[in-house]
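**Student:**
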Amino acid sequence: MVTDCGVSGEGSDAQLKASLELKVVAEVKKWLDPHYRDKSITKEEYKEIVAKCVSKREVSRHLSLNFD
1 MVTDCGVSGE GSDAQLKASL ELKVVAEVKK WLDPHYRDKS ITKEEYKEIV
51 AKCVSKREVS RHLSLNFD
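Heads up, the sequence shown is in full-length UniProt numbering, so the first residue is 1 and it goes up one at a time.
1. So, are the CB atoms of glutamate 21 and valine 54 less than 8 Å apart?
2. What is the DSSP secondary structure of aspartate 13, reduced to helix, strand or coil?
3. Do valine 50 and lysine 17 count as a contact pair if the criterion is CB distance below 8 Å?
In structure tokens form, the structure reads like this:
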């Protein structure tokens, strides 16, 4: 992929991936924070859920790319 400045777009792909991961993390945290605050989940469970959600988004993204 070539951008307007003639440079390969690989860097922008990495930026897009990082941006999407941050959006997923922010959304998951929004839903998990109340449960963490009332101690219905531990810090380790919180971190594990966030990590799994990010990795599931990656798997979902790769599967959708394979079907296109």
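Glycine included, C-beta positions come from ideal geometry on N, C-alpha and C.
**Tutor:** To lay it out plainly:
1. yes
2. helix
3. no
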